[in-house]
Every structure is written in C-alpha cells, then in structure tokens.
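Input: a single structure, listed below in structure tokens.
Numbering (my numbering), first residue to last: 101 to 270.
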C-alpha cells in the first residue's frame, strides 16, 4: 500500500460522529416542538445521507486492499462517480421540493459542489485527468463538506431558532 489512506479513516470517524449527533438533534427537537418543518427535515436527511455516504466512501478503498497490495483507483472512482450521480439528483430534488424553507444561496453552493465533485469523478473515468487518490479524495471530501453544511444549518435552525417555525434562513 503506497497511498496514505489514514485521512479516509479520519473522515469516516468524523462522519460517524455527525450521524450520531443527528440522533441527539432529533431527540431534542422532538421534545421541544410539534414536529419538523420541511426545511429542517431536508437538512436532517441531507446530514444523515451525506454522513453515511462519506463513511462508506471512506472505507471502500480498504475493500480493494483485502486481496491486493494496491488500490484500484479507477474502480473506486467509477463506483463513487455513479453513486454521486444519484446523490446529486437526490440533493437537487430535495432542495427543489423544500425551496420555500431553504436559503437559495446555500442551495446554489450545495448543488455546485455536488455537480463539481461528480464531474471530477467522471472526468477521471474519461481520461481527462489521471484517476488517482486525489480525485477520489475530492469526492469523499465533498460528501464530508455536505455533511458539515447540513449539520451547521440544522443546528442553527432547529436548535438555536426552534420557535421561528418556517424560517427561511438556512
């Protein structure tokens, strides 16, 4: 193994913490309000899905190390690219459906990051850039950053402003 994959393990550990903290947020918000507003529900789902996705994507290269001394980055990038395509479609759909309760600037940044990370994976598959660990890290870090964005927005909206109801400040 010639690649330094410790960073992926760190991303997986932090993503587990985000996913676990989502349960705490759910318990606190459920006890203090009548339910979730559509914006907070979208933030919660994005936080859970992106955290779990970052965990799986961070650990996927280690599966290739079970039978080999090196990681086949082309296969990893291909699998991540296909997954990010579906994840990007999910994010766009979620943001469009909850657009009345979300901030348009955050939606725009989220969609641009999603499309950029997905495009980088496919650019590596098509030979426009070399399929290396850096391209793969870009996709994994996108999932991690998406999880961070959803976490920060969920905490600020659900916990710090629980009485605003349908606040538009995502």
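Where is the CB? At the ideal position from N, CA and C, for every residue including glycine.
Anticipated Cβ contact below 8 Å, residue i with residue j, distance rounded
i, j, result
"residue 184", "residue 217", "6 Å"
"residue 224", "residue 231", "4 Å"
"residue 201", "residue 138", "5 Å"
"residue 199", "residue 191", "Contact doesn't hold; Cβ gap of about 12 Å is too wide."
"residue 235", "residue 177", "6 Å"
"residue 158", "residue 108", "4 Å"
Residue i, enclosing alpha helix (DSSP H) - first and last residue
i, result
"residue 286", "Residue 286 lies beyond the stretch modelled for the chain, which goes from 101 to 270, so this question has no answer here."
Backbone secondary structure at residue i - three-state DSSP
i, result
"residue 229", "coil"
"residue 201", "helix"
"residue 176", "helix"
"residue 108", "helix"
"residue 168", "coil"
Sequence-distant residues of the same chain with beta carbon closer than 6 Å to residue i, five excluded per side
i, result
"residue 174", "231"
"residue 244", "111, 154"
"residue 122", "147, 148"
Residues near residue i in its chain [Cβ-Cβ closer than 8 Å; skip 5 each side]
i, result
"residue 242", "184, 213, 214, 216, 217"
"residue 152", "115, 119"
"residue 194", "142, 145, 146"
"residue 255", "125"
Residues near residue i in its chain [Cβ-Cβ closer than 7 Å; skip 5 each side]
i, result
"residue 247", "115, 118, 147, 150, 151, 154"
"residue 210", "191, 195, 246, 249"
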